[in-house]
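Written below as structure tokens is the structure these notes are about.
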Amino acid sequence: MGDATMNRFLPKLHKIYNVKKSCFIAIDNLLYGFDNPSIMDIKMGSRTFLEDEVSNDELRADLYEKMIKLDPSVLTDEEKQVKSINKLKYMQLREQLSSSSTLGFRIEAFKTRNLNKNKLDKILNRLNLIHSSFKCSSFFGSHEVVGSSLLIIYDSCKVNIWMIDFAKTVPLPEGIVINHVSPWVQGNHEDGYLFGLENLINIIKEIKDTVVENSTRH
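The C-terminal residue of the sequence shown carries number 255 in my numbering, and the numbering is unbroken.
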């Protein structure tokens, strides 16, 4: 990434492999040093697809069939007649059915236990540090961050949070400036990363307050 501001939150890249025309990377084992860790993978941002992925207005029957299974009520009479929809509509509906559109993040996978005030404080400290560093980062000031995740790992002693999955992090077009908070409208390249991060921080604060309140009752 070449951004000293953010490198402390990223796994170290060791090697890039090309196997049968596919590219693979070797990074740090992020679970190393943890004892029976709890893990949460959180997909960040209010949009998890690149604008280029939905720029084609081609109508597709396969996406229509998927839409029927997701929510047929959103289909127009015209779409029902031709039994096809474009990719933008399908992708937007998929986001709307998750917390990505409302909170700016969604939990992809988790295995958690015993979240006490001490661990929640460490998680909040790390998230706040990521937030402040992100806002100062020259890299993220010039890129849209789509489909990236925060990987939260903790055990009985340690807590760490890593930023991972940057396959869809791409440079912004010349002349485009984003704040990573504003709602996405096709063409503005907003990704909602900071919007989601701020909501995540606030929710974890609420969880911590509940944990503290419950502990004082016993």
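Glycine residues also receive a C-beta, built at the ideal position from the N, C-alpha and C atoms.
Check your understanding: Can you tell me whether DSSP reads LYS195 as helix, strand or coil?
Key -> For the purposes of this step, residue 195 is taken as residue 158 along the sequence shown, with counting starting at 1. Residue state, collapsed to three classes: coil.
Practice item. Output the distance between the C-alpha atoms of ILE100 and SER136, rounded to the nearest integer angstrom. Key: On the sequence shown, position 63 is the one that residue 100 refers to. On the sequence shown, position 99 is the one that residue 136 refers to. Before going on, a small fix: residue 100 reads as Leu here, not Ile. Taken atom to atom, the span from the alpha-carbon of LEU100 to that of SER136 is near 21 Å.
Practice item. Rounded to whole angstroms, what's the CA-CA distance from SER110 to LYS124? Just pull it up for me. Key: On the sequence shown, position 73 is the one that residue 110 refers to. On the sequence shown, position 87 is the one that residue 124 refers to. Near 17 Å, if we compare the C-alpha coordinates of LYS124 and SER110.
**Study point:** Beta carbon of ILE122 nearer than 8 Å to that of ARG84
**Key:** Position 85 of the sequence shown, counting from 1, holds the residue named residue 122. Position 47 of the sequence shown, counting from 1, holds the residue named residue 84. Not closer than 8 Å, so no.
Check your understanding: Is there contact between the region 234-250 and the region 188-205, where contact requires at least three CB pairs shorter than 8 Å?
Key -> In short, these stretches do not touch, since the Cβ pair count stays below three.
Check your understanding: What does ARG143 pair with, by DSSP beta-bridge criteria?
Key -> Numbered from 1 along the sequence shown, position 106 holds the residue referred to as residue 143. Answer is LYS80.
Review point. Taking the DSSP output, what are the residues bridged to LEU188?
Key: For this step, residue 188 is matched to residue 151 along the sequence shown. DSSP, once it has assigned bridges, lists ASP78, TRP199 as partnering LEU188.
Exercise for review: On the DSSP bridge assignment, give the partners of LYS52 in chain order.
Suggested key: As a position in the sequence shown, residue 52 is number 15, starting the count at 1. Note: LYS52 sits in a beta bridge opposite ALA63.
Practice item. Could you please give me the residues that DSSP links to ARG45 through a beta bridge? Key: Taking the first residue of the sequence shown as position 1, residue 45 is located at position 8. Looking at the DSSP assignment, ARG45 forms no beta bridge with any residue, so it has no partner.
Exercise for review: Work out the CA separation of TRP221 and VAL248 for me, nearest whole Å.
Suggested key: Numbered from its first residue, the sequence shown carries residue 248 at position 211. Numbered from its first residue, the sequence shown carries residue 221 at position 184. Within the model, the alpha-carbon separation for VAL248 versus TRP221 is close to 35 Å.
Exercise for review: Return helix, strand or coil for GLU115, following the three-state DSSP convention.
Suggested key: Along the sequence shown, read from residue 1 onward, the residue named residue 115 stands at position 78. DSSP places GLU115 in helix when its eight states are reduced to three.
Check your understanding: Tell me which same chain residues have a C-beta within less than 7 Å of the C-beta of LYS159, skipping the five on either side of it?
Key -> The residue given as residue 159 occupies position 122 in the sequence shown. These residues qualify, in order along the chain: VAL196.
Review point. If we call anything under 8 Å between Cβ atoms a contact, is GLU211 one with SER219?
Key: Position 174 of the sequence shown, counted from the start, is the residue given in the question as residue 211. Position 182 of the sequence shown, counted from the start, is the residue given in the question as residue 219. It is not a contact, given that the beta carbons lie outside the stated cut-off.
Point to revise | Supposed close pair SER174, LYS80 - CB separation, criterion 8 Å | key: Start at 1 with the first residue of the sequence shown, and residue 174 comes out as number 137. Start at 1 with the first residue of the sequence shown, and residue 80 comes out as number 43. Distance from SER174 to LYS80 at the Cβ level is roughly 20 Å; contact not present, criterion being Cβ atoms closer than 8 Å.
Check your understanding: In this structure, does DSSP put ILE105 in helix, strand or coil?
Key -> By 1-based counting over the sequence shown, the position of residue 105 is 68. ILE105 falls in the helix class under three-state DSSP.
Practice item. Identify which residue in PRO74, SER59, HIS51 has its Cα closest to the Cα of ASP65. Key: Here residue 65 is taken as the residue at index 28 of the sequence shown, counted from 1. Of the candidates PRO74, SER59, HIS51, the one whose C-alpha sits nearest the C-alpha of ASP65 is HIS51.
Review point. Distance, Cα to Cα, LEU157 vs ASP246?
Key: Numbered from 1 along the sequence shown, position 120 holds the residue referred to as residue 157. Numbered from 1 along the sequence shown, position 209 holds the residue referred to as residue 246. Answer to the nearest angstrom: the Cα atoms are 10 Å apart.
**Study point:** Residue(s) in a DSSP beta bridge with THR206
**Key:** Sequence index remark: in the sequence shown, residue 206 carries index 169 (1-based). THR206 pairs with VAL182.
Practice item. Look at PHE147 and MET77 and say whether their C-beta atoms are less than 8 Å apart. Key: As a working note, residue 147 is residue 110 in the sequence shown. As a working note, residue 77 is residue 40 in the sequence shown. Yes, the Cβ-Cβ distance between PHE147 and MET77 is below 8 Å.
Check your understanding: Is LEU107 buried or exposed, if buried means 16 or more other CB atoms sit within 10 Å of its CB?
Key -> For the purposes of this step, residue 107 is taken as the residue at position 70 of the sequence shown. Answer is exposed; the Cβ neighbour count stays below 16.
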